[in-house]
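Working notes for the structure below.
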Amino acid sequence: AECEHLASALKKQLDEDESTSTNQNCDFFSDKHPLFQEIDERLCKLVAIDSSYAEPLHGHYCDANESQASIDLHDLPSTIKSDSLRGYRAYAVTLHLNDVASGGETQFNETNLSIKPKAGLAMIWSNLDSNGLPVAKSLGQSMPVIVGHKAVLTKWFRTQSSIKENPPPLFNSCLLYTSDAADEEDS
């Protein structure tokens, strides 16, 4: 039910925004959307990354009549290293808000991985290699929706915090779950 509510709220905001295009996208600023603020906070906790490294929650909605394939490229201004953009997009979390009857898969061509949209499914991946540089394996392509519609929320995390002086660490170690902690709890 929560995914349905989020998808409806996403569609409503996009319908009210005259600047949206065929593949409709928008950012959700948490001070205007309490439910999206809660989802935003949950996604930060899910990946244990401090929110000062996060971009605003981003929504994407398309249906079969408007859908077209799209690729998230590393050479776009939003993904290149930039002081004003706080470094590279290091990590991404995409939350699917609905099942798609046909089409709409996310394909990672370098790894031959294709993920079918399913309500509540979260995809989490790193965009960088061990040297902190963009990696081709993370290039995702959203395939056209054939039947139905696709609604997703995406949260990107940058390599640099928005807090300039004494930024918190990228990862919040208090939130990280390790197998060592599980082993201790079992004993």
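Numbering of the sequence shown is given in my numbering, commencing with residue -2 and proceeding in unit increments. By construction, the Cβ of each residue, glycine as well, lies at the ideal position given by its N, Cα and C atoms. Note that the structure is a prediction, hence the values are computed from the model and not measured.
Next on the checklist: Starting from Val144, trace the alpha helix (DSSP H) in both directions and tell me its first and last residue.
Outcome noted: Careful: Val144 lies outside any alpha helix (DSSP H), inside the beta strand (DSSP E) at 142 to 144.
Item to check | Where Tyr88 sits in the DSSP three-state scheme | outcome: Here Tyr88 sits in strand by DSSP.
Next on the checklist: I'd like to know if the stretch 123 to 132 and the stretch 158 to 167 are in contact, where contact means that at least 3 CB-CB pairs between them fall below 8 Å.
Outcome noted: No, the stretch 123 to 132 does not touch the stretch 158 to 167.
Checklist entry - Looking only at DSSP bridge pairs, what is Asp60 linked to? => result DSSP links Asp60 through a beta bridge to His146.
Item to check | C-beta contact flag for His146 and Ala61 at 9 Å | outcome: Yes; because the gap between Cβ atoms is below 9 Å, this pair is in contact.
Item to check | Collapsed DSSP secondary structure at Arg155 in the structure displayed | outcome: Note: Arg155 maps to strand in three-state DSSP.
Item to check | Where Lys152 falls, given that 16 or more other Cβ within 10 Å makes a residue buried | outcome: Looking at its Cβ environment, which holds 16 or more other Cβ atoms inside 10 Å, Lys152 is buried.
Next on the checklist: I need the straight-line Cα distance from Leu150 to Gly117, nearest angstrom please.
Outcome noted: The alpha-carbon atoms of Leu150 and Gly117 are separated by roughly 11 Å.
Checklist entry - For the beta strand (DSSP E) that contains Leu32, what are its first and last residues? => result Counting along the chain, Leu32 falls outside any beta strand (DSSP E), though it belongs to the alpha helix (DSSP H) covering 31 to 44.
Next on the checklist: For the beta strand (DSSP E) containing Leu136, name the first residue and the last one.
Outcome noted: Element bounds for Leu136: n/a, residue is neither H nor E.
Checklist entry - In its own chain, which residues sit with a C-beta less than 6 Å from the C-beta of Ala148, not counting the 5 before and 5 after it? => result The beta carbon of Ala148 sits closer than 6 Å to those of Ala4, Leu7, Tyr58, Leu94, Asn95, all from its chain and outside the five residues before and after it, given in chain order.
Checklist entry - For Gly100, which residues does DSSP report across the bridge? => result When DSSP reads this structure, Gly100 sits in a beta bridge with Val142.
Item to check | The beta strand (DSSP E) enclosing Leu110, as first and last residue numbers | outcome: Where Leu110 is concerned, the enclosing beta strand (DSSP E) stretches over 110 to 112.
Checklist entry - DSSP state of Asn163, grouped into three classes? => result Asn163 falls in the coil class under three-state DSSP.
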